[in-house]
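Everything in the sequence shown is counted per my numbering, starting at 134 for the first residue and increasing by one.
First the structure, in the form of structure tokens, and then the observations on it.
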Amino acid sequence: MLVLIKGAGDLATGTAVRLHRAGFPVVMTDIAQPTAVRRTVSFSQCIYDGVTEVEGITARRAANGEEASAILAAGEIPVLVDPEARILDELPFGAVVDAILAKRNLGTSLTDAPIVLALGPGFTAGVDCHGVVETMRGHDLGRLILEGSAIPNTGVPGDVGGYTRERIIRAPADGPFEPVARIGQKVELGDVVAKVNGVPVAAQLTGIVRGMLPAGIPVTKGMKSGDIDPRCEVRHCFTVSDKARAIGGGVLEGLLYFGRRTGLWND
């Protein structure tokens, strides 16, 4: 079953890693200038670099369905700049996973493929998708929801190491983003970690910089631009997170569940 994952940030990438290892061929799409802060574990990075690798799996930028097919044949994951998901008209997808994490539906429909799954709030199982996977940290993280919706967005980042809002590096002004600290670097409370138009933003805790936008990306004041991990494990910067793995497991469950119910596995 060929699977389209809309979005190629860190949670989408964690999902792609689990599906790829389980034997599902995966195609991904994203916008022309991705803003994933955890770019060392995001397949969207290949849109900038042409190719990227996460946990031994290679993703490569593709321009169209023909190139995507060639990349798939090589055992890799193609990523296209295709926010409208026009690739749906070019390749025979058995499933679509909306992993954009926009907290609202940007155009996914129940009729996009035989199986349609969505991550997080903004979707209702049975209405605009077949199943929803919970993305909120806690007891239900990764749960496959067959009726209803995920927990609404609270606006509060999940607790990691006892910190929530303090973990997030937010742009202090509008303009091009200028990182000062690098991913994998330890910073202390109060250290300047980035600037925008000369306006500095300081770390609100001591930890390892786990994510950071690349230099030059245009940002708006308050936009999420980085992430500091208080657990101070450098390897966390370069491996799929526990959250992404749990969500990927929920997607894998959804593909197997709905595939069995619809008879796709009998083909």
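Every residue, glycine too, gets a C-beta built ideally from N, C-alpha and C.
Give the DSSP bridge partners of residue i, in chain order.
i, result
"PHE310", "VAL329"
"VAL352", "GLY308"
"GLY340", "VAL320"
"ALA251", "ASP231 and VAL265"
Would you call the CB atoms of residue i and residue j closer than 7 angstroms?
i, j, result
"ILE302", "VAL332", "no"
"THR148", "SER175", "no"
"LEU274", "ALA165", "no"
"THR162", "ALA203", "no"
"ILE233", "GLY140", "yes"
"ARG171", "ASP215", "no"
"PRO363", "LEU322", "no"
"GLY387", "ILE361", "no"
"CYS489", "ARG343", "Residue 489 lies beyond the range of the chain shown here (134 to 400); nothing can be said about it."
"ARG300", "VAL289", "no"
Going by DSSP in three states, residue i sits in which element: helix, strand or coil?
i, result
"ALA165", "coil"
"LEU388", "helix"
"ASP375", "helix"
"CYS179", "helix"
"THR191", "strand"
"CYS262", "strand"
"ALA218", "coil"
"ILE380", "helix"
Since residue i and residue j should fall inside the 8 angstroms C-beta cutoff, what is the C-beta to C-beta distance between them, to a whole number of angstroms?
i, j, result
"GLY381", "LEU152", "7 angstroms"
"THR372", "GLU188", "6 angstroms"
Stretch pair the stretch 248 to 257 + the stretch 275 to 290: three plus CB contacts closer than 8 angstroms: The stretch 248 to 257 vs the stretch 275 to 290: in contact.
Does the stretch 259 to 266 come within contact of the stretch 172 to 191, defined as at least 3 CB pairs closer than 8 angstroms? no
For the stretch 220 to 238 against the stretch 190 to 202, do three or more pairs of beta-carbon atoms, one drawn from each stretch, fall closer than 8 angstroms, so that the two count as touching? yes
Does the stretch 338 to 353 come into contact with the stretch 243 to 252, if we say contact requires no fewer than three beta-carbon pairs (one atom in each stretch) closer than 8 angstroms? no
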